[in-house]
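Student:
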Amino acid sequence: MFNKVLVLAPHADDAEFGCGGTVARFLEEQKEVYCAVFSADKISIPPGYPEDVLKQELLKSMRVLGIPAERLLLYNYKVRDFPANRQDILDNLILLKNQLKPDLIILPSRHDIHQDHLTIVREGIRAFKDTTVLGYEEPWNNLQFEHTCFVPLEERHLQKKLAAIKCYASQAFRYFNNEDFLRSLARVRGTQIKSPYAELFEVIRLIVK
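For the sequence shown, my numbering assigns the number 13 to the initial residue and increments by one for each residue that follows.
1) For V220, which three-state DSSP category applies?
2) Out of curiosity, what's the CA-to-CA distance linking A210 and L170?
3) Return the chain-ordered list of same chain residues with a C-beta closer than 6 angstroms to the C-beta of Y89, the five sequence neighbours on each side being excluded.
4) Helix, strand or coil for K141? Go by DSSP, reduced to three states.
5) Under a three-way DSSP split, which group does A184 fall into?
6) Can you list the beta strand (DSSP E) stretches of 3 or more residues lying completely in the region 152-179, in chain order?
7) On the DSSP bridge assignment, give the partners of K20 in chain order.
8) When the Cα atoms are used, what is the spatial distance from E214 to C31?
9) Residues in the same chain with beta-carbon distance under 7 angstroms from I216, minus the five sequence neighbours each way, listed in chain order, please.
10) Thinking just about the alpha-carbon of each residue, which of K221, F14, L218 and V220 is nearest to the one in P114?
11) Looking only at C-alpha atoms, which of D142, A24, K178 and E150 sits nearest to V220?
12) Could you check which residue in P95, R201, D103 and G78 has the C-alpha nearest to that of Y46?
13) Checking the sheet assignment: what are the DSSP bridge partners for G147?
14) In this structure, does DSSP put I124 in helix, strand or coil?
15) Pull the bridge partners of Y209 from the DSSP assignment, please.
16) May I have the straight-line CA-CA distance separating G202 from I177, to the nearest angstrom?
17) Going by the CB atoms, is the gap between V19 and A175 shorter than 7 angstroms?
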């Protein structure tokens, strides 16, 4: 159904955690995938790392997934300040809509409680009113989740996702950055649809053309 996909990631690594396996599958199927990342802010970097480490890790992760550098769009919003920059973010999203004309948007869930994530969700829905929109699962931020769309994955897709996440050495301390957990979650979602693995999405808007 979809040929040009735009993933919206509030922060570096959100796309990989939320839909890295799906991105790997879509790229394998020769779909045109873009990723817009709105922050690689130094506030998220632990002591001892260089200030640009998140940007470098992001670039490495995108290479592992297979997204070309020209299809990565990186913005410089400060972490936790997205609500104050709502209008600027919306303006950027409208520019992306006009430039790329994607037929699928993947962004965080409407039930995500992180203020930056929720800003991207609200402005993304507003900007892409005539486009199918799916919300990706990040259980550590989701107050609840609607089991309305599954993307079946194979081991090779999951391996790409895990390898991309491993690029973020500076974020390895996060409790959810755990291969056993991520593999188990993919297996649970796959079991729900009789597939080896899957990623789960919330259908926010579905347009059948």
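Positions of the beta carbon are idealized from the N, C-alpha and C atoms, including for glycine.
Tutor: Inspection of the coordinates gives the following:
1) Mapped onto the sequence shown, residue 220 falls at position 208. Coil, per DSSP.
2) Locating residue 210 in the sequence shown gives position 198, where the first residue counts as 1. Locating residue 170 in the sequence shown gives position 158, where the first residue counts as 1. The alpha-carbon atoms of A210 and L170 are separated by roughly 9 angstroms.
3) What you label residue 89 is simply residue 77 of the sequence shown in a count that begins at 1. Hits under 6 angstroms: F50, S51 and N97.
4) Translated into the one-based positions of the sequence shown, residue 141 becomes position 129. Residue state, collapsed to three classes: coil.
5) Residue mapping note: residue 184 aligns to position 172 of the sequence shown, counting from 1. Residue state, collapsed to three classes: coil.
6) 161-165
7) Locating residue 20 in the sequence shown gives position 8, where the first residue counts as 1. This sequence places Leu at residue 20; Lys is not what is there. Note: L20 sits in a beta bridge opposite A48.
8) As a working note, residue 214 is residue 202 in the sequence shown. As a working note, residue 31 is residue 19 in the sequence shown. When rounded, the distance between both Cα atoms is 12 angstroms.
9) For the purposes of this step, residue 216 is taken as residue 204 along the sequence shown, with counting starting at 1. Only R122, I137, V145, L146 and G147 meet the Cβ criterion.
10) Counting from one through the sequence shown, the residue named residue 114 turns up at place 102. Closest option to P114, Cα to Cα, is F14.
11) The residue you call residue 220 lines up with position 208 of the sequence shown. Among D142, A24, K178 and E150, the Cα nearest to that of V220 is on D142.
12) For the purposes of this step, residue 46 is taken as the residue at position 34 of the sequence shown. For Y46, the nearest C-alpha among the options comes from G78.
13) Taking the first residue of the sequence shown as 1, we reach residue 147 at position 135. G147 pairs with L119 and E214.
14) For this step, residue 124 is matched to residue 112 along the sequence shown. One point to set straight first is that residue 124 is Asp, not Ile, in the sequence displayed. D124: strand per DSSP, three-state reduction.
15) By one-based count along the sequence shown, residue 209 stands at place 197. In the DSSP output, where bridge partners are listed per residue, Y209 has L165.
16) Counting from one through the sequence shown, the residue named residue 202 turns up at place 190. Counting from one through the sequence shown, the residue named residue 177 turns up at place 165. About 20 angstroms.
17) Walking along the sequence shown from the start, residue 175 turns up at place 163. Walking along the sequence shown from the start, residue 19 turns up at place 7. Not in contact: A175 and V19 (Cβ atoms no closer than 7 angstroms).
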